[in-house]
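Each number in my numbering corresponds to the 1-based position in the sequence shown with 71 added. Even for Gly, the Cβ is constructed at its ideal location relative to N, Cα and C. Note that the coordinates shown come from a computational prediction; the quantities given were computed from them, not determined experimentally. Everything on this sheet refers to the single structure shown next.
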Amino acid sequence: MKILLISPCIDDETRSRKSMLMPQLALFILAGLTPPEHPVTIVEEEIEPVPMDLDCDLVGLSCMTSNAPRAYALAAEFKRRGKTVVLGGVHPTILPEEALRHADSVVIGEAEGVWPQLLDDYEKGRLQRTYHSPYPPLDTYVPIRCHKGLKKGLFRIIPVMTTRGCPYDCDFCCVHDIYGPKVRHVPVENVIRYLIESGGKRFMFLDDNIVGDPRYARELFRAMKPLRIKWVGQASLSFARDTELLRLAADSGCGGLFIGLESVSESRLGQMRKSLNKVEELEKAIKALMGFGIILMASVIFGFDEDTAGTFGETLDFLNRNRIATAQFNVLTPYPGTRTYRQLKDGNRLLTEDWKYYDHTSVVYKPGRMTPSELALGRLRTREEFTSIFSIIKRFPYNLGHPLFYLALNIYARRLCKEQIRDYPRYAARLSLLEAQKPVIPSESELARA
Ligand code: B12
Ligand code: SF4
């Protein structure tokens, strides 16, 4: 049986954005779980066209919400060509019924417990409509050979995942539902074996919180130290409270951390399920992390119901004051399956359910205290100011731990921002069309103002 595995892009017309700078781990895990007698071809549409006429029997498509429409379009094309199509990933896991309308079979959740079974069933002509093995153990070593694709990636980064699951349950996030509330681990010896076999020197840990289980993280960092690699990962700011763990992380090659700040407004922070929920606590933690020469890559979200036009300036001040190396400015996105989605849907506040626009950048709902255009423009202006040459130079002396990395990140962010500014008029026109089509119930504050 010949297998084709695809990671679709969001929009095949804007594929040139190349936002994906490392291989898509899920596809390589599937390849690693496939018995060796079945040849596997992997295609990442973000960087290469999909070979629609490839000689294959089974097509596996992996998608999150924003690229689900593209995955469905590809599925239809492949089915027309007589192929069997399987869908998997975040979006089919949350909305399996929807995915089933486009595929022969859907894998709900993780592939580890089910992929070999699915292939066996296919060969025996008894493919099931759905496969689901909730929260499988991650003890078995899966050979992942993604380094071949590295020549295409700008930063030549290899993805690693050591844990799945998250004990928190943030309103806007679906991770808790997909991977479960309990953190499961890949045994440290298997992580180390993978790091060595990959032959790489730069890695990105995809874990939602690399220090979610400090005992495991301690063991992992100690084992990584002799490898002399460089890595980046995601962590919660509470990491900063544990100086010993911080030192171990830095010694093991940690160059940068993605930190989900989400919001720096005092009123919003108080409502979030975060252990650090005061601005001064955040600032102290940031200082501690930067003290170890770690580059901080913050992620902020605009558009919570408490957010006003003043939130943009407040956030920019915070990021500049704390010399944050780089930041992602996201728009709150009501992903299906989350409480945020249910609240906005119930309040008749969704502007569109075309999943293509559920990408953290487009405004797809009516915010509480701003118009959708104010939110979109406020976000873009904040990003523009933060990626201005003046701002980049001003923050530079405080991020000298990894100067080239700092500059590469900021130049890349500046380029992406310029592209968004160039595309804004087209985007704004679509937004006002959506706003006009969907009259929305005014918020309490709007009523009060009126
Ligand atoms: C790394 C990552 C990225 C990287 C991806 C780079 C890369 N090349 O890998 C980057 C930074 C580019 C990225 C971008 C985005 N991301 Co992202 N990302 C992640 C992250 C942290 C890890 C994803 C991952 O690779 N996991 C490891 C793999 C092994 O897990 P997996 O994909 O779930 O795969 C398993 C199963 O789902 C299943 N499976 C998956 N595919 C398939 C296919 C088949 C056929 C089968 C059978 C099974 C199967 O088997 C796999 C093994 O068990 C997740 C958070 C998370 N915890 O998952 C967010 C996450 C997936 N991202 C998210 C979002 C929103 C985005 C963006 C839209 C945001 C943005 N504007 O930046 C963009 C969209 C980019 C795009 N082109 O579509 C959301 C998705 C929400 C949703 N409902 O869609 C998540 C869940 C984060 C969150 N907390 O909300 N992301
Ligand atoms: S946002 Fe982060 S902490 Fe919150 S549920 Fe998602 S993965 Fe967990």
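Discussion item. Using C-beta distances below 6 Å, list every residue in its chain close to Leu158, excluding the 5 sequence neighbours before and after it, in chain order.
Written reply: Within the sequence shown, numbered from 1, the residue matching residue 158 stands at position 87. Answer for Leu158: Leu132, Ala170, Ala174 and Val177, listed in chain order.
Worksheet item: With DSSP run on the structure shown, which of helix, strand or coil describes Pro297?
Response: Here the question's residue 297 lines up with position 226 in the sequence shown. In the structure shown, Pro297 sits in a helix (DSSP, three-state: H, G or I).
Worksheet item: What are the residues that DSSP puts in a beta bridge with Leu367?
Response: Position 296 of the sequence shown, counting from 1, holds the residue named residue 367. In DSSP, Leu367 forms a bridge with Leu328.
Worksheet item: Since Met275 sits in a beta bridge, which residues does DSSP pair it with?
Response: Position 204 of the sequence shown, counted from the start, is the residue given in the question as residue 275. Pro230 and Val303, per the DSSP bridge assignment.
Practice prompt. Determine the direct distance from the alpha carbon of Gln199 to that of Thr453, and round the result to whole angstroms.
Written response: If you number the sequence shown from 1, residue 453 lands on position 382. If you number the sequence shown from 1, residue 199 lands on position 128. Going from the Cα of Thr453 to the Cα of Gln199 covers about 49 Å.
Worksheet item: Where DSSP assigns a beta bridge to Asn419, which residues make up the other side?
Response: Numbered from its first residue, the sequence shown carries residue 419 at position 348. BP columns for Asn419 are empty, so no partner.
Discussion item. Looking at the strands, I want to know which residues DSSP matches up with Asn401.
Written reply: Along the sequence shown, read from residue 1 onward, the residue named residue 401 stands at position 330. Residue pairing by DSSP places Asn401 opposite Ile372 in a beta bridge.
Discussion item. Does the CB of His247 have a neighbour CB from chain B at under 7 Å?
Written reply: The displayed structure is made up of one protein chain only, and chain B is not part of it.
Discussion item. Between which residues of its own chain and Tyr412 is the CB-CB distance below 7 Å, once the five residues before and five after are set aside?
Written reply: On the sequence shown, position 341 is the one that residue 412 refers to. Cβ neighbours of Tyr412 beyond the five flanking positions: Pro405 and Tyr406.
Worksheet item: Counting Cβ pairs, one atom from each stretch, are 3 or more of them under 8 Å apart for the stretch 466-478 and the stretch 388-401?
Response: yes
Worksheet item: Any idea which residues DSSP pairs Tyr202 with across the strands?
Response: Numbered from 1 along the sequence shown, position 131 holds the residue referred to as residue 202. In DSSP, Tyr202 forms a bridge with Val178.
Worksheet item: Residues bridged to His256 by DSSP?
Response: In the sequence shown, residue 256 corresponds to position 185, counting from 1. His256 is bridged to Thr234.
Item to complete: Would you decide whether Glu268 is buried or exposed? Buried here means 16 or more other CB atoms lie within 10 Å of its CB.
Response: Position 197 of the sequence shown, counted from the first residue, corresponds to residue 268. Answer is exposed; the Cβ neighbour count stays below 16.
Practice prompt. Report the partner residues of Tyr436 according to the DSSP bridge assignment.
Written response: Within the sequence shown, numbered from 1, the residue matching residue 436 stands at position 365. Paired residues: Leu421.
Worksheet item: Considering only C-alpha positions, which residue in the set His431, Leu101 and Ala484 is nearest to Ile113?
Response: Within the sequence shown, numbered from 1, the residue matching residue 113 stands at position 42. In terms of CA proximity to Ile113, Leu101 leads the group His431, Leu101 and Ala484.
Worksheet item: By how many angstroms is the C-alpha of Ile300 removed from the C-alpha of Phe99?
Response: Locating residue 99 in the sequence shown gives position 28, where the first residue counts as 1. Locating residue 300 in the sequence shown gives position 229, where the first residue counts as 1. Cα-Cα distance, rounded: 21 Å.
Worksheet item: His247: beta carbon under 6 Å from a heavy atom of the ligand SF4?
Response: The sequence position of residue 247 within the sequence shown is 176, counting from 1. Yes; taking the cut-off as 6 Å, the Cβ of His247 has a heavy atom of the ligand SF4 nearer than that.
Item to complete: Please find out if some non-hydrogen atom of the ligand B12 comes closer than 6 Å to the beta-carbon of His431.
Response: Numbered from 1 along the sequence shown, position 360 holds the residue referred to as residue 431. True, at least one ligand heavy atom lies under 6 Å from that Cβ.
Worksheet item: In whole angstroms, what is the alpha-carbon distance linking Glu84 and Ala294?
Response: Residue numbering aside, residue 84 sits at position 13 when the sequence shown is read from its first letter. Residue numbering aside, residue 294 sits at position 223 when the sequence shown is read from its first letter. Straight through space, the alpha carbons of Ala294 and Glu84 are spaced by roughly 44 Å.
Worksheet item: In three-state terms, what does DSSP make of Glu53?
Response: What the structure shows of the chain is the stretch from 72 to 521, and residue 53 is not part of that stretch, so it cannot be assessed.
Fill in: Range covered by the beta strand (DSSP E) that runs through Leu104
The sequence position of residue 104 within the sequence shown is 33, counting from 1. Taken as a continuous stretch (DSSP letters only), Leu104 belongs to no beta strand (DSSP E), being part of the alpha helix (DSSP H) at Leu96 to Leu104.
Practice prompt. On a CA-only basis, which of Glu290, Arg152, Gly236 and Pro106 is nearest Val213? Give me that one, please.
Written response: Taking the sequence shown and counting its residues from 1, one reaches residue 213 at position 142. The residue with the shortest Cα to Cα distance from Val213 is Pro106.
Worksheet item: Is it true that the CB of Asn138 sits closer than 7 Å to the CB of Ile81?
Response: Along the sequence shown, read from residue 1 onward, the residue named residue 81 stands at position 10. Along the sequence shown, read from residue 1 onward, the residue named residue 138 stands at position 67. Result yes, Cβ atoms of Ile81 and Asn138 sit closer than 7 Å.
Worksheet item: Rounded C-beta distance between Asp494 and Met441? I'm assuming under 8 Å.
Response: Position 423 of the sequence shown, counted from the start, is the residue given in the question as residue 494. Position 370 of the sequence shown, counted from the start, is the residue given in the question as residue 441. So it is not a contact: roughly 21 Å between Cβ atoms.
Worksheet item: Any chance the stretch 410-425 sits against the stretch 354-363, with 3 or more Cβ pairs inside 8 Å?
Response: no
Item to complete: Tell me whether Ile215 sits in a helix, a strand or coil according to DSSP, three-state version.
Response: Counted from its first residue, the sequence shown places residue 215 at position 144. If DSSP states are grouped into helix, strand and coil, Ile215 belongs with coil.
Discussion item. Our contact map puts Gln399 next to Ser370 with C-beta atoms below 8 Å; I'd like the distance itself, whole angstroms only.
Written reply: For this step, residue 399 is matched to residue 328 along the sequence shown. For this step, residue 370 is matched to residue 299 along the sequence shown. About 5 Å; that satisfies the 8 Å criterion.
Worksheet item: Where do the N-terminal and C-terminal ends of the alpha helix (DSSP H) with Val111 fall, by residue?
Response: Mapped onto the sequence shown, residue 111 falls at position 40. Taken as a continuous stretch (DSSP letters only), Val111 belongs to no alpha helix (DSSP H), being part of the beta strand (DSSP E) at Val111 to Glu115.
Discussion item. Below 6 Å, is the gap between the Cβ of Asp279 and the nearest heavy atom of the ligand SF4?
Written reply: Here residue 279 refers to the residue found at position 208 of the sequence shown. Yes.
Worksheet entry | Continuous alpha helix (DSSP H) stretch holding Thr449: start and end | Position 378 of the sequence shown, counting from 1, holds the residue named residue 449. A quick correction: the sequence has Gly, not Thr, at residue 449. Its alpha helix (DSSP H) spans residues Pro443 to Phe457.
Worksheet item: Does the ligand B12 have a heavy atom nearer than 6 Å to the CB of Ser323?
Response: For this step, residue 323 is matched to residue 252 along the sequence shown. No; taking the cut-off as 6 Å, the Cβ of Ser323 has no heavy atom of the ligand B12 nearer than that.
Worksheet item: Using 8 Å as the threshold, is the stretch 271-291 in touch with the stretch 248-262, meaning 3 or more CB pairs across them?
Response: yes
Discussion item. Using a Cβ-based criterion (distance less than 6 Å to any ligand heavy atom), does Tyr239 qualify as near the ligand SF4?
Written reply: Position 168 of the sequence shown, counted from the first residue, corresponds to residue 239. At least one heavy atom of the ligand SF4 lies less than 6 Å from the C-beta of Tyr239.
Fill in: Three-way DSSP call (helix, strand, coil) for Val262 in this model
For the purposes of this step, residue 262 is taken as the residue at position 191 of the sequence shown. Note: Val262 maps to helix in three-state DSSP.
Worksheet entry | Where Glu354 falls: helix, strand or coil (DSSP) | Counting from 1 along the sequence shown, the entry for residue 354 is found at position 283. Correct three-state label for Glu354: helix.
Item to complete: Quick one: give me the first and last residue of the beta strand (DSSP E) that Thr155 is part of.
Response: Within the sequence shown, the letter at position 84 stands for residue 155. Segment Thr155 to Gly159, the beta strand (DSSP E) holding Thr155.
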